[in-house]
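Data block below; observations after.
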Amino acid sequence: MPCPVIHTRASGEKEKMTFTTADDEQPAKGEYIKWDAEGVEKEQPNEEADIKAVSEQFCRFQMYNFNEHSHCLRGTHLKTQGCVVGKITVPKLPPHLAQGMFKTPGTYDCIMRYSSLLPKLVADGTGLPRGIGLKIFGIKGEKIWGEDKETQDWTFNNYPVLELRTPKDTYEIADALERNWDNLGGFVEEGGKRADADVATLPGRLPNQHMYAMPEYSQSAYRHGDYVAKYGLFPLGEKQIAAETEQIKDSDPINIISQQLQNFHRDNTVTYSFCAQMLQNLQEQPVDDIGVEWDPRKYPFEQLATLEFPPQDSWIPEFRVWWDDRITVNSWHGLKEHQPLGSTNRMRRVVYAESRKLRLRVNGFSQDYIEPASVQEVPKAQKESMAIQAQSIRAGA
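Numbered by UniProt numbering, the letters in the sequence shown go through residues 1 to 397 in order.
Now the structure itself:
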């Protein structure tokens, strides 16, 4: 079924240059392109060397943060804003949607992490991209990496395009950040001088919303069984939707997003619609340039599943530390039928792996990351830490 209109509203100011379609409100006919069709993926010039250079950049970012915080964090999405446990329910779907993990109706356990994207820790009052990492349990089928754990990972950000359009663009933007590590204003100024400034500066113009009210997008394309899709997570709960226009102020406490997530999750059932936007036209829906939005008016999102998180504490120290230090969410970890596509995803495959290895090694872990088999492995809060963290979050620590 189609997602409601609110589900297709892009975050932030709409930029005309992000669409390649005509000004046409009519949905496309529903002729879906196969994932292995000619022209779906195009290797970029000097791609392998650019990916290697980007991987080295993000490892340096990790060490900059280690020098500042005495702990090795992720290369991106390093700031955890909250972690929750829930379920995802897949209904009976039409054939073009009933692909991969969505082929058979069912309900699966899942865990989800809210995070902030910038490779540098800043106060929550600073407007910047926010994301969601989702790990689903009990998903059977042939995995990309051939492992035996029945998990499927998904990652999302709160805007439909990404300024890291190719490995080359990523290197240039990361280089600007590295040169302006202690001067974010200078980094933003450099982005405004780029030829693609409309996309490069979009992260700094996003509405600084509470995360339970944000739409979230995969930004890049994935194999969707026989076909290709981009994905979205969109708030379903009435209170979530009602909070869409609320803005975080610069003067709010440094961890206001985590505070409000904790308050909201404690008092409410939080629900999302998991949707797919199918590939139908390679000229208007490029796979290897994720700086171009697939027009949701012509290529609407269609609902695949519903996520539900019952009332709970989203700020349990043991859960957060376990996620930060021991596990990983990577879009390459999952079914072959959901293989990530495009040059940015090929870059992520290398960059995320090297980032993970560095994080674990510097933090003193001799073994690789832990891949949990079920929600039963999620750490539970201890009474002592619950009391301490309740005091600290109220104090804004």
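For each residue, glycine too, the CB sits at the ideal point set by N, CA and C.
Checklist entry - Could you give the residue range of the alpha helix (DSSP H) that holds residue 189? => result 184 to 191
Item to check | residue 141 versus residue 371 - alpha carbon distance | outcome: 16 angstroms
Item to check | Beta-carbon proximity check, residue 305 vs residue 274, cutoff 9 angstroms | outcome: yes
Next on the checklist: Quick check: what's the CA-CA separation for residue 22 versus residue 220?
Outcome noted: Interpretation of residue 22 is limited by its pLDDT of 45, a score under 50 that renders its predicted location unreliable; the figure taken from the coordinates is listed afterwards. Rounded to the nearest angstrom, the two C-alpha atoms are 22 angstroms apart.
Checklist entry - In the DSSP assignment, what residue or residues form a beta bridge with residue 154? => result Answer is 134, bridged to residue 154.
Checklist entry - Grouping DSSP H, G and I as helix and E and B as strand, with all else coil, what is residue 59? => result helix
Checklist entry - Under the three-state reduction of DSSP, which class applies to residue 22: helix, strand or coil? => result Reliability fails at residue 22, whose pLDDT of 45 lies under 50, so the model's placement of it is uncertain and the value that follows must be treated cautiously. Coil.
Checklist entry - Which first and last residues belong to the alpha helix (DSSP H) in which residue 210 is found? => result Counting along the chain, residue 210 falls outside any alpha helix (DSSP H), and DSSP gives it neither H nor E.
Checklist entry - Does the Cβ of residue 26 have 16 or more other Cβ atoms within 10 Å, making it buried, or fewer, making it exposed? => result exposed
Checklist entry - Can you tell me whether DSSP reads residue 27 as helix, strand or coil? => result coil
Checklist entry - At which residue ranges does the stretch 204 to 251 contain complete beta strand (DSSP E) runs of 3 or more residues, listed in the order of the chain? => result Within the stretch 204 to 251, the complete beta strand (DSSP E) runs of at least 3 residues are 222 to 224, 227 to 235.
Item to check | residue 228 and residue 34 closer than 9 angstroms at C-beta | outcome: yes
Checklist entry - What do you get for residue 398, buried or exposed, if any count of 16 or more other CB atoms within 10 angstroms of its CB means buried? => result Past the edges of the chain, shown from 1 to 397, lies residue 398, and the structure says nothing about it.
Next on the checklist: Checking 9 angstroms against the spacing of the C-beta atoms, do residue 217 and residue 206 come in under that value?
Outcome noted: no
Next on the checklist: Using a Cβ distance threshold of 8 angstroms, determine whether the stretch 162 to 179 contacts the stretch 191 to 203, with at least three qualifying pairs required.
Outcome noted: yes
Checklist entry - Considering only C-alpha positions, which residue in the set 222, 376, 181 is nearest to residue 58? => result 181
Next on the checklist: On the DSSP letters alone, give me the boundaries of the beta strand (DSSP E) that residue 79 sits inside.
Outcome noted: 79 to 90
Item to check | Cβ-Cβ distance between residue 40 and residue 279 below 9 angstroms | outcome: Contact flag set, yes.
Checklist entry - Just curious, the beta strand (DSSP E) that residue 301 is in, first and last residue? => result Counting along the chain, residue 301 falls outside any beta strand (DSSP E), and DSSP gives it neither H nor E.
Item to check | Member of 320, 349, 343, 97 whose CA lies at the smallest distance from the CA of residue 290 | outcome: Minimum Cα distance to residue 290 is reached at 343.
Checklist entry - Is residue 242 near the ligand ADP, in the sense that its beta carbon is under 8 angstroms from a heavy atom of that ligand? => result Although the ligand ADP was asked about, the structure shown includes no ligands whatsoever.
Item to check | Coil, strand or helix - residue 380 by DSSP | outcome: coil
Item to check | Straight-line Cα distance separating residue 188 from residue 164 | outcome: 14 angstroms
Checklist entry - Is residue 172 helix, strand or coil when you go by DSSP? => result helix
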